[in-house]
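Chemist:
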Amino acid sequence: MPVPFRLICVLLGYVFGLALGMSEIVGRAQEPVTVNKNEIKTLPDVFQKNDPESIADLKSFETHLKEILPRLQSATVAVRINEAHGSGVIVTPSGLIMTAGHVSGRPGRPAEITLSDGTTVAGRTLGRNRNLDSGLIQIEGGRNDWPYCPRESALNGKTKTKLGDWCVVLGHPGGYMKGRTAPVRVGRVIMQGQRLVQTDCELVGGDSGGPMFNMNGEVIAINSRIGQPLEFNFHVPTLVYEKEWDKLVKSDDLKGSGGALLGLSGVSDPNGLRVTKVYPDEPAERAGILVGDVITNFQSHTIHDMSQLISEVSELMPGDEVTIELLRDGKPVTVTAELDVRWD
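Read in order, the letters of the sequence shown correspond to residues 171 to 514 in the numbering used here.
1. Could you say if the region 290 to 302 and the region 347 to 364 meet the contact criterion of at least three C-beta pairs nearer than 8 Å?
2. Keeping to the same chain, check which residues put their C-beta closer than 7 Å to that of D475; ignore five residues upstream and five downstream.
3. Quick check: the Cα distance between G275 and I309, rounded to an integer number of angstroms?
4. Determine the contact status of M382 and L213, defining contact as a CB-CB distance below 8 Å.
5. Check whether the region 328 to 337 and the region 283 to 290 are in contact - that is, three or more C-beta pairs closer than 8 Å.
6. Quick one: residues in its chain with C-beta nearer than 8 Å to the C-beta of L497, no 5 flanking neighbours on either side, listed in chain order?
7. Could you give the distance in angstroms between the alpha-carbon of E508 and the alpha-carbon of R313?
8. To the nearest angstrom, how far is the alpha carbon of I260 from that of L424?
9. Drop a sphere of 10 angstroms on the beta-carbon of P343, count the other beta-carbons inside from all chains shown, and report buried for 16 or more, exposed for fewer.
10. Beta strand (DSSP E) containing K336: first to last residue?
11. What residue range does the beta strand (DSSP E) around F404 cover?
12. Do G278 and G379 have their C-beta atoms closer together than 8 Å?
13. By the three-class DSSP mapping on this structure, what secondary structure does L479 have?
14. Any idea which residues DSSP pairs N467 with across the strands?
15. So, helix, strand or coil for D423, using DSSP?
16. Roughly how far, in whole angstroms, is the beta-carbon of T506 from the beta-carbon of A457, given that I think they are within contact range, below 8 Å?
17. Would you mind stating whether L325 and Q362 have Cβ atoms separated by less than 8 Å?
18. List the whole-angstrom C-beta distance separating A281 from G305, where the pair is believed to meet the contact cut-off of C-beta under 8 Å.
19. Note the first and the last residue of the continuous alpha helix (DSSP H) segment covering K236.
20. Taking the runs of the beta strand (DSSP E) that are 3 residues or longer, which of them lie wholly in the region 238 to 315?
21. Within 10 Å of its beta-carbon, does M419 have 16 or more other beta-carbons around it, so buried, or fewer, so exposed?
22. According to the neighbour-count rule (16 or more other Cβ atoms, all chains shown, within 10 Å of its Cβ), is S244 buried or exposed?
23. In angstroms, rounded to a whole number, what distance separates the CA positions of E412 and I238?
24. Drop a sphere of 10 angstroms on the beta-carbon of P450, count the other beta-carbons inside from all chains shown, and report buried for 16 or more, exposed for fewer.
25. Would you say the beta carbon of I473 is closer than 7 Å to some non-hydrogen atom of the ligand MG?
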């Protein structure tokens with residue numbers, strides 16, 4: 171019989187408290203803590219189940235989480251660029267940091283990186299993709315033994331992460347705080363796409379750019395957008411970075427390789443924009459828009475043609491929720507859609 175969800179929350183709350191009290195241990199570490207793929211062990215059976223089914227499962231969950239947390243927290247850093255605070259994660263022993271594009275900003279900016287023990291080092295921003303919200307930072311100085319966690323190892327070029335998988339999300343909300351390690355949020359993947367992942371891990375300001383890990387300790391995504399309610403959290407999958415990795419490392423500023431997506435085509439109509447095609451598994455279809463509908467307003471802006479709709483959508487970010495007013499068989503209908511990411 172599955173363990174009641176309330177009991178799961180109690181146990182995980184205990185684990186969070188333990189994690190938040192580990193700063194002294196991490197701060198005393200003399201050797202860099204690293205993770206590589208050869209060190210990853212087989213996951214306990216509890217992570218293959220829909221829910222923990224016994225006290226033994228809960229203890230197994232707890233033991234595994236306690237085992238991997240020091241490594242994850244050691245690689246998670248606080249990022250400060252000018253007066254803006256964010257987070258990041260070191261993914262190579264040479265000090266390459268994955269973060270959100272809106273945290274790193276344009277290439278070539280000086281960055282202040284704070285490690286888990288409070289040590290501050292200098293970094294410099296590398297490439298970014300503003301539309302996809304991916305960015306890299308390099309710690310300066312030439313050191314090659316930084317604590318790090320590896321990026322997710324893909325399977326035939328595709329993520330191994332599945333809907334419902336457990337995950338761990340870290341970050342430094344409010345910036346680095348002495349005596350506090352990166353707070354731990356444990357949850358599950360509740361929405362998965364090629365370009366965006368949503369979890370039920372509660373995030374707040376300053377978590378942007380922080381890592382999302384699988385239970386093997388691999389970086390599977392980066393915190394991107396945070397909204398209300400607190401479960402409205404979106405993360406950029408590691409594979410999005412991999413597609414442009416070399417360009418990001420070379421400090422390219424990728425301005426036009428993606429953008430927000432609604433997922434429909436249409437032609438001008440006396441009353442607005444008549445929908446001629448709705449693309450499968452895209453935001454328009456998920457919102458219930460049908461071929462033949464006539465879009466009259468998008469975010470309270472009157473729509474007359476396709477170019478105007480494209481322009482309106484391009485002003486927004488993937489993950490934004492929009493209101494669309496339309497006519498269906500002459501009757502007014504209002505729908506909401508959550509924008510996805512467009513690839514050029």
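Yeah, the Cβ is synthetic: ideal placement off N, Cα and C, and Gly gets one too.
Modeler: The relevant details are as follows:
1. no
2. S438 and L443
3. 16 Å
4. no
5. no
6. N441, G442, D463, V464, T466 and V503
7. 43 Å
8. 22 Å
9. buried
10. Here residue 336 turns out to be Trp, not Lys, going by the sequence shown. W336 to L340 is the extent of the beta strand (DSSP E) around W336.
11. N403 to P407
12. no
13. helix
14. T472 and E495
15. strand
16. 6 Å
17. no
18. In fact, because the Cβ distance is near 10 Å, the residues do not count as touching under 8 Å.
19. I225 to A245
20. 246 to 251, 254 to 260, 266 to 270, 280 to 284, 290 to 299 and 304 to 309
21. The sequence given here has Val at residue 419, not Met. It counts as exposed.
22. buried
23. 24 Å
24. exposed
25. Ligands are entirely absent from the displayed structure, and the ligand MG is therefore not among its contents.
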